[in-house]
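Q: Our numbering puts the sequence shown at residues 2 to 161.
Just passing along the structure, written as structure tokens.
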Amino acid sequence: MKESPIHRRELLLVGAGAVMAKALTVTTACAGTNADKKAAPADMPPPRAEPAAASDFASLVAECTRVGQVCMQHCLTLLASGDTSMAACAKTVHEMLAVCRGTEVLALAGSSHLAQAAALCKAVCESCEAACKVHAGHHRECGDCATACRATIDAAASLA
Numbered sequence: 002m003k004e005s006p007i008h009r010r011e012l013l014l015v016g017a018g019a020v021m022a023k024a025l026t027v028t029t030a031c032a033g034t035n036a037d038k039k040a041a042p043a044d045m046p047p048p049r050a051e052p053a054a055a056s057d058f059a060s061l062v063a064e065c066t067r068v069g070q071v072c073m074q075h076c077l078t079l080l081a082s083g084d085t086s087m088a089a090c091a092k093t094v095h096e097m098l099a100v101c102r103g104t105e106v107l108a109l110a111g112s113s114h115l116a117q118a119a120a121l122c123k124a125v126c127e128s129c130e131a132a133c134k135v136h137a138g139h140h141r142e143c144g145d146c147a148t149a150c151r152a153t154i155d156a157a158a159s160l161a
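Okay, here's the thing in structure tokens:
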């Protein structure tokens, strides 16, 4: 018996068929989960924050992240020119960005860990605000960052 070689077109058709079959299986399975509207399992903790509160907090954290990125770029530009007075500000903004990004994801997901993340976010934003306030009078980016951190601190306090 002589084996025939597989042509690229046949391989692509088989692959596309497998992808379509998988998509159909997942779609069918997901459609069934909405139909019976069963309650969440007892071992799954409920979200800690109300959806609207978590969504509003996520928006504030996202804005803090956006403004923090502008501040961080400003710090890096000054550091690159030899101005080391922004080193502490850059360090705290860097930390704030990391924590706020993660906290935003948890807030949007309605995570049961949001309260803990909000507490950490509050602490990191307090450090960032303090470092940025030092430069707020002569660097608009730092003033904007301090203001955004303050709004996040206030909102995080109600969730933590």
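Idealized CB from N, CA, C, for every residue including glycine.
Starting from the Cα of residue 55, find the closest Cα among 112, 95, 83, 91 and give me that residue.
A: Distance check between residue 55 and each of 112, 95, 83, 91 places 112 closest, using alpha-carbon atoms only.
Q: So for residue 155, helix, strand or coil by DSSP?
A: helix
Q: If you compare alpha carbons, which of 59, 67, 108 is closest to residue 95?
A: 67
Q: For residue 153, is the classification buried or exposed, using 16 other Cβ atoms within 10 angstroms of its Cβ as the cut-off for buried?
A: buried
Q: Report the three-state DSSP secondary structure of residue 84 (helix, strand or coil).
A: coil
Q: Report, in whole angstroms, the separation of the C-beta atoms of residue 110 and residue 157, which I expect to be a contact under 8 Å.
A: Residue 110 to residue 157, Cβ: 17 Å. No contact.
Q: In chain order, which alpha helix (DSSP H) runs of at least 4 residues are fully inside the region 77-145?
A: The region 77-145 contains these whole alpha helix (DSSP H) runs: 88-110, 115-136.
Q: With contact counted as at least three CB pairs below 8 Å, one residue from each stretch, are the region 133-150 and the region 87-94 in contact?
A: Using a Cβ-Cβ distance cut-off of 8 Å, the region 133-150 and the region 87-94 are in contact, since at least three pairs of beta carbons, one from each stretch, lie closer than that value.
Q: Enumerate in chain order the residues of its own chain whose CB-to-CB distance from residue 114 is below 7 Å, with the five nearest sequence positions on each side excluded.
A: 107
Q: Is it true that the CB of residue 62 sits closer than 8 Å to the CB of residue 142?
A: no
Q: Would you mind stating whether residue 76 and residue 90 have Cβ atoms separated by less than 8 Å?
A: yes
Q: With a threshold of 16 other CB atoms inside 10 Å of the CB of residue 139, please say whether the residue is buried or exposed.
A: Here residue 139 is exposed: its Cβ has fewer than 16 other Cβ atoms, across all protein chains shown, within 10 Å.
Q: How many Å lie between residue 79 and residue 73 at the Cα?
A: 10 Å
Q: Using a Cβ-Cβ cutoff of less than 6 Å, which residues in the same chain neighbour residue 144 once the five nearest sequence positions on both sides are dropped?
A: 137
Q: If you run the structure through DSSP and keep just helix, strand and coil, what is residue 161?
A: coil
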